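S.K.: Dumping the structure here so I can ask a few things about it.
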Amino acid sequence: MYCKKDALCDKLKHMFITWRGQSFFDIEIKNNQGEKITIVVDPFDEQAGLKVPRIEAQIFIATSGRNKNAKAIEGNPFLIDEPGEYELKGVFIKGISEKQGDVIYKIEAEGIKICHLGALTQKELDENQVEEIGQVDILIIPVGGVPTINAKEAANIISQIEPKMIIPMYYKIPNLKIDLEGNEKFLKIMGKEDIAPQKKLKIAAKDLSKQESEIVVLEP
520 MYCKKDALCD KLKHMFITWR GQSFFDIEIK NNQGEKITIV VDPFDEQAGL
570 KVPRIEAQIF IATSGRNKNA KAIEGNPFLI DEPGEYELKG VFIKGISEKQ
620 GDVIYKIEAE GIKICHLGAL TQKELDENQV EEIGQVDILI IPVGGVPTIN
670 AKEAANIISQ IEPKMIIPMY YKIPNLKIDL EGNEKFLKIM GKEDIAPQKK
720 LKIAAKDLSK QESEIVVLEP
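Residue numbers (this note's numbering): 520 to 739.
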């Protein structure tokens, strides 16, 4: 969403989602007390070949032990790295077991429900997982193939979850040392080949009332 009047934008609650590459995201929100909260998910280390930013965060989520680089995070965040239900600073987080031992996370804040699938290897979700995940506004899903799901498998999982918005991740980008496919095949399957990438997603709950799923491509 883009606002022309700064005064109007200041009155609205917006969530900001930034992709750093792979499954590394930071999510900025304001809770009901007006406190700024930053959630960091899956910070990688230098071995990925990508620049590792330092981000001050209050909540640190790790979908697996492979993406748990605490050096990327400043401050003293609360670490969530296993299944369960959590409520922190007005943010609701639910961890759901993935069959290979990783964790799928559902994050709810500002009236927006986000599902981050991590480096998912399942070709489809089972009934219990779909039920545990429930309604999703924004789905963050890998699309680059081995070691994660590929474009076709991602499209299948999207049909299971039926989110309002989709953010692809875990695909080939410049300087990445891991051999993955790009996002082109996924976008072609989804019929959305002409999407212009954006640096950061700025979104409010009222922007998610569209009937058709929207795909957002973020720049790392």
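We treat Cβ as the ideally placed atom computed from N, Cα and C, and that holds for glycine. As the structure is a computational prediction, the values presented were derived from the model and not from experiment.
#1: What residue from Asn694, Ser542, Gly653 has the CA that sits closest to Ile631's CA?
#2: Measure the CB-CB distance between Pro596 and Phe579 and report whether it falls below 8 Å.
#3: Please identify the residue among Lys590, Gly710, Ile626 whose C-alpha is closest to the C-alpha of Tyr605.
#4: Ile623 CB to nearest chain D CB: under 8 Å?
#5: Where do the N-terminal and C-terminal ends of the beta strand (DSSP E) with Ser616 fall, by residue?
#6: Could you have a look at Ala628 and say whether DSSP puts it in helix, strand or coil?
#7: Looking at the unbroken alpha helix (DSSP H) that takes in Val649, where does it start and where does it end?
#8: On a CA-only basis, which of Pro687, Lys691, Asp698 is nearest Lys711? Give me that one, please.
#9: Does DSSP put Ile558 in a helix, a strand or coil?
#10: How is the beta strand (DSSP E) around Leu607 delimited, first residue to last?
#11: For a test of the three-state rule: what should DSSP assign to Leu745, helix, strand or coil?
#12: Helix, strand or coil: how does DSSP classify Asp726 here?
#13: So what does DSSP say about Glu712, is it helix, strand or coil?
#14: Please state whether the Cβ-Cβ distance between Gly637 and Glu617 is less than 8 Å.
#15: Straight-line CA distance for Ala715 to Glu547?
#16: Answer yes or no: do Ala581 and Val610 have a C-beta to C-beta separation smaller than 8 Å?
#17: Hey, out of Ile657, Met709, Gln648, Asp561, whose CA is closest to Lys671's CA?
#18: Which residue from Asp645, Glu681, Gln577, Leu699 puts its Cα closest to that of Gly663?
#19: Under the three-state reduction of DSSP, which class applies to Glu593: helix, strand or coil?
#20: Considering just the uninterrupted stretch of the alpha helix (DSSP H) at Ile680, what are its terminal residues?
#21: Can you tell me which of Ile657, Gln679, Asp600 puts its alpha carbon nearest to the alpha carbon of Val649?
#22: Look at Ile685 and Leu706 and say whether their C-beta atoms are less than 8 Å apart.
#23: Of the residues Ile660, Ser542, Ile676, which one's Cα is nearest the Cα of Asp645?
#24: Tell me Ile578's beta-bridge partners as DSSP assigns them.
M.R.: Checking against the coordinates, here is how it stands:
#1: Gly653
#2: yes
#3: Ile626
#4: No chain D is part of this structure, which consists of one protein chain only.
#5: 610 to 616
#6: strand
#7: 646 to 652
#8: Pro687
#9: strand
#10: 603 to 607
#11: As shown, the chain starts at 520 and ends at 739. That puts residue 745 outside it, with no answer to give.
#12: helix
#13: coil
#14: yes
#15: 22 Å
#16: no
#17: Met709
#18: Leu699
#19: strand
#20: 670 to 680
#21: Gln679
#22: no
#23: Ile676
#24: Ile558, Phe597
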